[in-house]
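Participant: When you read off a place in the sequence shown, starting at 1, and then add 18, the result is the number in the numbering used here.
My questions will all concern the structure given below.
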Amino acid sequence: VTPLWIEPASVGGELSGVVISADGKTIVAGGDQLISLTADGRKRWTGFSGTCIAVSSNGDYILSSQGQILRLISAGGTLVWDESMDIPVTDLSMAPDASVIAAAGGGRVRVLTSSGESIASNASMAVNHIRVMPSGDQILLTTNRNIQLSNRTLLPSWEDTNWSQDLVETASDGSLFVTATDN
19 VTPLWIEPAS
29 VGGELSGVVI
39 SADGKTIVAG
49 GDQLISLTAD
59 GRKRWTGFSG
69 TCIAVSSNGD
79 YILSSQGQIL
89 RLISAGGTLV
99 WDESMDIPVT
109 DLSMAPDASV
119 IAAAGGGRVR
129 VLTSSGESIA
139 SNASMAVNHI
149 RVMPSGDQIL
159 LTTNRNIQLS
169 NRTLLPSWED
179 TNWSQDLVET
189 ASDGSLFVTA
199 TDN
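Following this line, the structure appears as structure tokens:
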């Protein structure tokens, strides 16, 4: 396979993930630094850091975490806000328009607005992965005990306790989701 383009990271920079906006116009690589690129590989900006990353569907917002810090960054590389989560963030997600943001780690889940204001928090959920459903009104959580669909205040509306679940992904229209565990 011949790549269309290559953009090197900074010297000594470690990359941990990459996301592409639903419209395909924004690519963000995360790790020791974030690198924002256009679809044709032109670098927009570099800065901050983020081991977990997500991008809004139109690329206007980038959500990242580094340790306990959760950040919302504009497409132009300007910090919108950063918030200490009091625990290391292990997974994050946002609605396609960035109106609802969720982060999990260390047995804690927080749901926030795009302005960083708290919607809900739960300190008793050992979450493996979290996804904000495309409508922004539901949160999908996988744990070692179940999979759970909750409202934005983390009150469960549905759960399956038959299997422990790990990985999760949702369809872009929210009509279905898929999970995987073990093999």
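Even for Gly, the Cβ is constructed at its ideal location relative to N, Cα and C.
Could you please give the first and the last residue of the uninterrupted beta strand (DSSP E) stretch that includes S54?
Facilitator: L52 to T56 is the extent of the beta strand (DSSP E) around S54.
Participant: Going straight from the alpha carbon of V145 to that of D191, what length do you get?
Facilitator: When rounded, the distance between both Cα atoms is 23 Å.
Participant: Taking only three categories from DSSP, how would you classify T131?
Facilitator: Of the three classes helix, strand and coil, the one that applies to T131 here is strand, per DSSP.
Participant: Just the Cα atoms here: how many angstroms apart are T161 and T44?
Facilitator: C-alpha separation (whole angstroms): 31 Å.
Participant: Just the C-alpha distance for V150 and G95, rounded to the nearest angstrom, thanks.
Facilitator: So the two alpha carbons sit approximately 23 Å from each other.
Participant: Taking DSSP as the reference, what is the three-state secondary structure of D178?
Facilitator: Note: D178 maps to strand in three-state DSSP.
Participant: Any idea if T179 is buried or exposed, counting beta-carbon neighbours within 10 angstroms, 16 or more meaning buried?
Facilitator: Looking at its Cβ environment, which holds fewer than 16 other Cβ atoms inside 10 Å, T179 is exposed.
Participant: Rounded to the nearest angstrom, what separates T171 and D104 at their Cα positions?
Facilitator: So the two alpha carbons sit approximately 19 Å from each other.
Participant: With W63 as the anchor, note down where its beta strand (DSSP E) starts and where it stops.
Facilitator: Counting along the chain, the beta strand (DSSP E) containing W63 begins and ends at K61 to G65.
Participant: Could you check what DSSP says for T161 in three-state terms: helix, strand or coil?
Facilitator: In this structure, T161 counts as strand in the three-state DSSP scheme.
Participant: Would you mind sorting P21 into buried or exposed? The rule is 16 or more other CB atoms within 10 Å of its CB.
Facilitator: It is exposed - the Cβ of P21 has fewer than 16 other Cβ atoms within 10 Å.
Participant: Taking T197 as part of the beta strand (DSSP E), name the residues at either end of that continuous run.
Facilitator: Taken as a continuous stretch (DSSP letters only), the beta strand (DSSP E) holding T197 covers F195 to A198.
Participant: Mark T131 as exposed unless 16 or more other C-beta atoms lie within 10 angstroms of its C-beta, in which case mark it buried.
Facilitator: With fewer than 16 other Cβ atoms within 10 Å, it is exposed.
Participant: D100 bridges to which residues according to DSSP?
Facilitator: DSSP output for D100 lists R89 as bridge partner(s).
Participant: Whole angstroms are fine: how far does the CA of N169 sit from the CA of L97?
Facilitator: About 28 Å.
Participant: Could you compute how far the alpha carbon of S175 sits from the alpha carbon of L167?
Facilitator: Their backbone Cα atoms lie some 6 Å apart in a straight line.
Participant: How should I24 be labelled, buried or exposed, when 16 other C-beta atoms within 10 angstroms of its C-beta is the threshold for buried?
Facilitator: Its Cβ having fewer than 16 others within 10 Å, I24 is exposed.
Participant: What does the alpha-carbon distance come out to for the pair A116 and R128?
Facilitator: About 15 Å.
Participant: Could you work out which residue in T64, A198, L159 and A189 is closest to D109 when comparing CA atoms only?
Facilitator: For D109, the nearest C-alpha among the options comes from L159.
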